[in-house]
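A.B. asks: This is the structure I have questions about; it appears just below.
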Amino acid sequence: MINISTLFKETDGRGTFDLTMEIRGCIEMAGIANGLCHVFVHHTSASLMFCENADPSVRRDLETFMSRIAPDGDSAYEHDSEGPDDMPAHIRSVLTQTEITLPVENGRPNLGTWQGLYLWEHRHHPHRRKITVTVIGE
Amino acid sequence: MINISTLFKETDGRGTFDLTMEIRGCIEMAGIANGLCHVFVHHTSASLMFCENADPSVRRDLETFMSRIAPDGDSAYEHDSEGPDDMPAHIRSVLTQTEITLPVENGRPNLGTWQGLYLWEHRHHPHRRKITVTVIGE
Amino acid sequence: MINISTLFKETDGRGTFDLTMEIRGCIEMAGIANGLCHVFVHHTSASLMFCENADPSVRRDLETFMSRIAPDGDSAYEHDSEGPDDMPAHIRSVLTQTEITLPVENGRPNLGTWQGLYLWEHRHHPHRRKITVTVIGE
């Protein structure tokens, strides 16, 4: 069995947005007990990650890390047509993932206790991000 | 339903190679309307990425970025048996992905407007890269 | 057909642990000839990677690389409640992958000759890592 849902997530600029509840909703709606859930972001300047879900400082430190290795406005970038955060957003997306698969058991996402699934917006301006969720199983 | 195809891509050295049309071909051939398409590179010195497909400067900047964080011939590397680009190629592969899954809808890859799927060759010499494409769905 | 297995891997601190044989075992036990095998780590401070499986210096150099871009005890990190390797472990996990899918053909993992699947423990203390393996196919 296969079930496909489309989600739209409004971001208010660079930062992380917990998708775990939305994904759980897609899995419940799919009526699939055991299998896999694939989450896909239709963009190259936002991405997905599993991250520790208890202490928000982890996600702040990840921003610090990314700002250090791929700083905004770096003069080494040729591509800056949409501004100083244009190319860093592509780099951050390539270093993380724009598609992720998670196990489904008993109709629920089977994640670790401290794992949350986050959408990571890499652009400073708010965006409306399209996400396709495919649940496959039986 | 499952369909497995094998692709071979000849690269002419370090750089990115658009696979989107080949993957679309595999999906069409599979005769599967809805599901997932998994793309797998059988190597540890080439990788896959979704990247902005309109402006080639994005991919040039990604090369610049990788050359900066994982430079060829870095004296910190112990493993250089195949040359100064040997270890950087492994690092670049680990930082990106050697396997990627994309959604299939109505017999087509369901990608964003600006998303292309690229093979990223990390070695300077030309290579023949083996890719397994698995389409699963109904 | 779907088959779900749970593995536990005891790590003795930071380093890489070859999972290829365990994964092969899960696939054989699943009795599935062709399809996909999804491997999922239930943690945010350990990850997965395909890596060259012949020369251990590759994995030593990857440690060197990660120690350089995400050093332990960096004063830029706010999150250090579990010690100087706490935040670097999260960064390393996000830069690599905590879930990976590989092709299954004729009841075997269809990997390249030089590809091994490794669990990468990023914490210095030993941990017991939970891994869910889902085989889907026919």
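Chains as they are written, first to last, in this note's numbering: chain A, 1 to 138; chain B, 1001 to 1138; chain C, 2001 to 2138. We put the beta carbon where it would ideally sit given N, CA and C, even for glycine.
Using a beta-carbon distance below 8 Å, is C:I2004 in contact with chain B?
C.D. replies: Walking along the third sequence from the start, residue 2004 of chain C turns up at place 4. No, because no Cβ of chain B sits closer than 8 Å to the Cβ of C:I2004.
A.B. asks: Relative to the alpha-carbon of B:D1018, which residue among B:R1059, B:E1082 and B:P1103 has its alpha-carbon at the smallest distance?
C.D. replies: In the second sequence, counting from the first residue as 1, residue 1018 of chain B sits at position 18. Closest option to B:D1018, Cα to Cα, is B:R1059.
A.B. asks: Quick check on the burial criterion: 16 or more other C-beta atoms within 10 angstroms. Buried or exposed for C:M2049?
C.D. replies: Within the third sequence, the letter at position 49 stands for residue 2049 of chain C. C:M2049 is buried by the Cβ-count criterion.
A.B. asks: Anything in the segment 89 to 117 of chain A with a Cβ closer than 8 Å to a Cβ of chain B? List those residues in chain order, please.
C.D. replies: So the close ones are H90, I91, S93, V94, L95, Q97, T98, E99 and T101.
A.B. asks: If we cut at 8 Å on Cβ distances, does C:G2031 have a partner in chain B?
C.D. replies: Start at 1 with the first residue of the third sequence, and residue 2031 of chain C comes out as number 31. Taking Cβ atoms only, chain B never reaches closer than 8 Å to C:G2031, which makes this a no.
A.B. asks: Along chain A, in chain order, which residues have C-beta atoms closer than 8 Å to that of B:I1069?
C.D. replies: In the second sequence, residue 1069 of chain B corresponds to position 69, counting from 1. By Cβ distance, chain A contributes I69.
A.B. asks: Verify the CB distance criterion: does C:E2121 have a CB-CB separation below 8 Å to chain A?
C.D. replies: Your numbering for residue 2121 of chain C matches position 121 in the third sequence. No, C:E2121 lies away from the interface with chain A (no Cβ there is under 8 Å from its Cβ).
A.B. asks: For a quick check, are the C-beta atoms of C:R2014 and C:H2127 less than 8 Å apart?
C.D. replies: On the third sequence, residue 2014 of chain C is found 14 positions in, with the first residue counted as 1. On the third sequence, residue 2127 of chain C is found 127 positions in, with the first residue counted as 1. Cβ atoms of C:R2014 and C:H2127: not closer than 8 Å.
A.B. asks: Should B:F1040 be flagged as near chain C, meaning a C-beta pair shorter than 8 Å?
C.D. replies: For the purposes of this step, residue 1040 of chain B is taken as residue 40 along the second sequence, with counting starting at 1. Chain C, which has a Cβ nearer than 8 Å to the Cβ of B:F1040, makes this yes.
A.B. asks: Tell me whether C:L2019 sits in a helix, a strand or coil according to DSSP, three-state version.
C.D. replies: In the third sequence, counting from the first residue as 1, residue 2019 of chain C sits at position 19. Three-state result, C:L2019: coil.
A.B. asks: Can you find at least 3 beta carbon pairs, one from the segment 67 to 83 of chain A and one from the segment 23 to 34 of chain A, that sit closer than 8 Å?
C.D. replies: No: the two stretches stay apart, fewer than three of their Cβ pairs being nearer than 8 Å.
A.B. asks: For the beta strand (DSSP E) that B:P1103 lies in, which residues bound it at each end?
C.D. replies: Locating residue 1103 of chain B in the second sequence gives position 103, where the first residue counts as 1. Run containing B:P1103: E1099 to E1105, per the beta strand (DSSP E) assignment.
A.B. asks: Can the beta-carbon of C:W2120 be found less than 8 Å from the beta-carbon of C:S2047?
C.D. replies: Along the third sequence, one-based indexing puts residue 2120 of chain C at 120. Along the third sequence, one-based indexing puts residue 2047 of chain C at 47. In this structure, C:S2047 lies closer than 8 Å to C:W2120 by Cβ.
A.B. asks: Just to confirm the assignment, what range does the beta strand (DSSP E) spanning B:L1117 have?
C.D. replies: Position 117 of the second sequence holds residue 1117 of chain B. Segment Q1115 to E1121, the beta strand (DSSP E) holding B:L1117.
A.B. asks: Around the Cβ of B:D1086, are there at least 16 other Cβ atoms within 10 angstroms (buried) or fewer (exposed)?
C.D. replies: For the purposes of this step, residue 1086 of chain B is taken as residue 86 along the second sequence, with counting starting at 1. That one is buried.
A.B. asks: Short of 6 Å in beta carbon distance, which residues of its chain neighbour C:Q2115, apart from the five on each side in sequence? Order them along the chain.
C.D. replies: Within the third sequence, residue 2115 of chain C is the residue found at index 115, counting from 1. F2050, listed in sequence order.
A.B. asks: List, in chain order, every chain C residue whose beta-carbon is nearer than 7 Å to that of B:T1044.
C.D. replies: Here residue 1044 of chain B refers to the residue found at position 44 when the second sequence is read from its first residue. Simply F2050, C2051, E2052, W2114 and Q2115.
A.B. asks: Can you tell which of A:E10, A:I32 and A:S45 has the C-alpha that lies nearest to the C-alpha of A:S93?
C.D. replies: Stepping through the first sequence from its first residue, residue 93 of chain A is reached at position 93. The candidate whose alpha carbon is nearest that of A:S93 is A:S45.
A.B. asks: What are the residues in the segment 60 to 87 of chain A lying within 8 Å of chain C by C-beta distance?
C.D. replies: Here the close residues are R60, D61, L62, T64, F65, R68 and I69.
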